[in-house]
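Written below as structure tokens is the structure these notes are about.
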Amino acid sequence: MIQGKMIYEGKAKQVFVTDDPTLAVIHYKDDATAFNGLKRGTVVGKGVVNNLVSNHLFKLLAGHGVESHFVEQLNDRDTLVHRVEIVPVEVIVRNIAAGSLSKRIGYPEGTKLRCTVLEYCYKDDDLGDPMINETHIAAMGLATPEEMATIAAMALKVNEVLTAYLMGLNLSLIDFKLEFGRFEGRILLADEISPDTCRFWDARTGEKLDKDRFRRDLGDVEEAYQEILNRLMGA
Ligand code: C5P
Numbered sequence: 020m021i022q023g024k025m026i027y028e029g030k031a032k033q034v035f036v037t038d039d040p041t042l043a044v045i046h047y048k049d050d051a052t053a054f055n056g057l058k059r060g061t062v063v064g065k066g067v068v069n070n071l072v073s074n075h076l077f078k079l080l081a082g083h084g085v086e087s088h089f090v091e092q093l094n095d096r097d098t099l100v101h102r103v104e105i106v107p108v109e110v111i112v113r114n115i116a117a118g119s120l121s122k123r124i125g126y127p128e129g130t131k132l133r134c135t136v137l138e139y140c141y142k143d144d145d146l147g148d149p150m151i152n153e154t155h156i157a158a159m160g161l162a163t164p165e166e167m168a169t170i171a172a173m174a175l176k177v178n179e180v181l182t183a184y185l186m187g188l189n190l191s192l193i194d195f196k197l198e199f200g201r202f203e204g205r206i207l208l209a210d211e212i213s214p215d216t217c218r219f220w221d222a223r224t225g226e227k228l229d230k231d232r233f234r235r236d237l238g239d240v241e242e243a244y245q246e247i248l249n250r251l252m253g254a
């Protein structure tokens, strides 16, 4: 496999083509942004943690029948993936109120929700990723109703598998964001699952071990990311 030119640079990742049109390489950076790019910084070692954490969780999910774009970890910061066509819908899964949901519905952070909440956002930085519903998705042609049914079922399965697994590591999975892609007629889980895209709270103390430490200037950001990696790797 020969790595070619960069085709995409996001806030935290770069994507490169390879000599195989069905494969791409993702490179994880230490750059951190929040509030749609208004806050910028660096979290030393974040790229390594996110790469290793995400790959570990994708492998776990594969064992439970959830197929992702993950193919092979190349090194601490680079991973080979199936080259998917990203569905421009961010899927947010919530078990406990926090962040923007707490603001929107007035529930204090940490309030348990009676059932899992699924939210959809239109992936568009210029618009600030606005929340949309399934009829918007159909009306805008972002995904078909059949694709959305698959995506919703996969998101709930990811939640079920990760919630149970993380509870065994004394971590509460508060909420998280997923992205999906089209590949050879199927829907694959794509992007990453990491402390950048999930809220992880220590199940006993409630300590935040995720990107909220960066967003809210809580300090010990690097340590929180490392702690997640250590728990997942059993250190
Ligand atoms: O900000 P909000 O409370 O809506 O975020 C819900 C979850 O989705 C959080 O875990 C957050 O890290 C994640 N998220 C994300 N990327 C976005 C928006 C939210 O990873 N663009």
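First residue of the sequence shown? That's 20 in our numbering, and the numbers climb one at a time after it. We put the beta carbon where it would ideally sit given N, CA and C, even for glycine. It should be emphasised that the depicted structure is a prediction, and the values quoted were computed from it without experimental measurement.
Per DSSP, the continuous alpha helix (DSSP H) segment holding L185 begins and ends at P164 to M186. Relative to G147, the option among S119, L228, L185 and A183 whose CA is nearest is S119. Per DSSP, reduced to three states, the secondary structure at H155 is helical.
Placement of the Cβ of D148 at a distance of less than 6 Å from at least one heavy atom of the ligand C5P is found. The straight-line gap separating the alpha-carbon atoms of D236 and Q92 is approximately 31 Å. With a threshold of 16 other beta carbon atoms within 10 Å, G187 falls short and is exposed.
Relative to the non-hydrogen atoms of the ligand C5P, the Cβ of S119 comes within a distance shorter than 6 Å of at least one.
In this structure, the alpha-carbon of T52 lies about 5 Å from that of K58. Remark: C-beta atoms of M167 and E179 do not approach each other more closely than 7 Å. Setting aside the 5 residues that flank it on each side, E128 is surrounded in the same chain by A116, A117 and S121, each with a C-beta closer than 7 Å to its C-beta; the list follows chain order. At least one heavy atom of the ligand C5P sits closer than 6 Å to the Cβ of R218.
A straight line joining the alpha-carbon of D38 with that of V177 spans about 31 Å. A straight-line Cα-Cα distance of about 7 Å links N55 and D144.
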